[in-house]
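Numbering (the numbering used here), first residue to last: 702 to 952. For each residue, glycine too, the CB sits at the ideal point set by N, CA and C. Below is one structure, written out as structure tokens; the observations come after it.
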Amino acid sequence: MAEDPRYHIKVGCEDLGKYVIMPGDRGRVKRIAKYLENAERKAENREYLTYTGTLDGVPVSVVSSGMGGPCISIGVEELLTCGVHTVIRVGTTGAFQEGLKLGDSVIATAAVRRDGTSGEYIPYEFPAVGDLDTINALVEAAKKVGNPYHTGVVLSTDAYYARHFAKEESAQYSAIMKRAGVLCVEMEVATLFTLSAIKGFRAGAILTIREEIVSENERIQAGEKYENGLEKSIQIAIEAIRLLIKQDKGI
Numbered sequence: 702m703a704e705d706p707r708y709h710i711k712v713g714c715e716d717l718g719k720y721v722i723m724p725g726d727r728g729r730v731k732r733i734a735k736y737l738e739n740a741e742r743k744a745e746n747r748e749y750l751t752y753t754g755t756l757d758g759v760p761v762s763v764v765s766s767g768m769g770g771p772c773i774s775i776g777v778e779e780l781l782t783c784g785v786h787t788v789i790r791v792g793t794t795g796a797f798q799e800g801l802k803l804g805d806s807v808i809a810t811a812a813v814r815r816d817g818t819s820g821e822y823i824p825y826e827f828p829a830v831g832d833l834d835t836i837n838a839l840v841e842a843a844k845k846v847g848n849p850y851h852t853g854v855v856l857s858t859d860a861y862y863a864r865h866f867a868k869e870e871s872a873q874y875s876a877i878m879k880r881a882g883v884l885c886v887e888m889e890v891a892t893l894f895t896l897s898a899i900k901g902f903r904a905g906a907i908l909t910i911r912e913e914i915v916s917e918n919e920r921i922q923a924g925e926k927y928e929n930g931l932e933k934s935i936q937i938a939i940e941a942i943r944l945l946i947k948q949d950k951g952i
């Protein structure tokens, strides 16, 4: 008996849109889905919660990915079996650069592949670069929504707490990334962008700063500015999908 092609996400193709917004946190799925018309829960299994509604009459889904490269790769691979062609990650991130403020949006153009998952697909010399049409749609949407935004390279890593164990090595690596102009650190973009390139679907990512650098030894986290910024980032992702739908229709 053949393996269920959507064993983990547990959703039928008839219940999925070809455009997908993908937060890591399943708790954000309903927060995003409220911007869709007639959104309904279609599936729920493990970290994968799926809601589907419409934008301008076109089915759009919101599917949580869970944390890290392994989880997003499994979710995306299974979504692709239903013909999904566009995925925008909506996530959170910690700043490397002092100019990034709580609640600012970061539109990733590429990612440093310090994850493990993407290396299982293709050697690390291969770059993790976002889809240009999706990046442009996110930039245009950010201008329309009006939240402060930054574009550039992000760092994707797997081990959230490893910096507390290998403190010296982690600090040295972070310093190199900062000098190189890497904007921030998160856990999924490198895997998503690598899959986008080798599997042939569009992918973008918009992240919200939840940890801001105040000084060399001081950081501030979360709070009202972050929550307001996250809501703006969600609106940007929704508007970007709307723009891509229009583009695909030739409008």
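Spatially closest choice to residue i from the options, by CA coordinates
i	options	result
I710	I789, P724, D834 and Y749	Y749
A843	A906, Q948 and S819	A906
V850	P824, M878, Y752 and T810	This sequence places Tyr at residue 850; Val is not what is there. Comparing Cα-Cα distances from Y850 to each of P824, M878, Y752 and T810, the minimum goes to T810.
C714	E779, S765, N746 and Y736	E779
D832	R943, A812 and E821	A812
V791	Q948, I946, I935 and K868	I935
V1036	K947, A938 and I946	Only positions 702 to 952 of the chain appear in the structure, and residue 1036 is not among them; the question remains open.
G924	P828, E841 and R911	R911
G817	E799, L893, F797 and S765	L893
R814	V883, T852 and T751	V883
A796	K879, T782 and C772	K879
C783	C772, K802 and V712	V712
Rounded straight-line distance, which links the Cα of residue j to that of residue i
i	j	result
L839	Y862	30 Å
D859	L717	28 Å
I775	R747	12 Å
K845	Y708	39 Å
V730	R864	29 Å
L737	G901	26 Å
L931	N739	22 Å
E940	K743	23 Å
CB-CB length for residue i against residue j, believed under 8 Å
i	j	result
V763	I789	No, V763 and I789 are not in contact; Cβ-Cβ is about 10 Å, not under 8 Å.
E889	G769	7 Å
V855	V886	7 Å
D757	R943	6 Å
Backbone secondary structure at residue i - three-state DSSP
i	result
M702	Because the pLDDT at M702 is just 45, under 50, the model does not fix this residue reliably, and the value given afterwards should be weighed accordingly. It is coil, neither helix nor strand.
H865	helix
R729	helix
C714	helix
E748	coil
K743	strand
L737	coil
Item to check | Inside the region 794 to 846 only - alpha helix (DSSP H) runs reaching at least 4 residues | outcome: Runs of the alpha helix (DSSP H) inside the region 794 to 846: 818 to 822 and 833 to 846.
Next on the checklist: If we require 3 or more residues per run, which beta strand (DSSP E) segments fall completely within the region 846 to 929?
Outcome noted: Annotation: the region 846 to 929 contains the following complete segments of the beta strand (DSSP E) (minimum length 3 residues), in chain order: 850 to 858, 885 to 887, 903 to 916 and 919 to 922.
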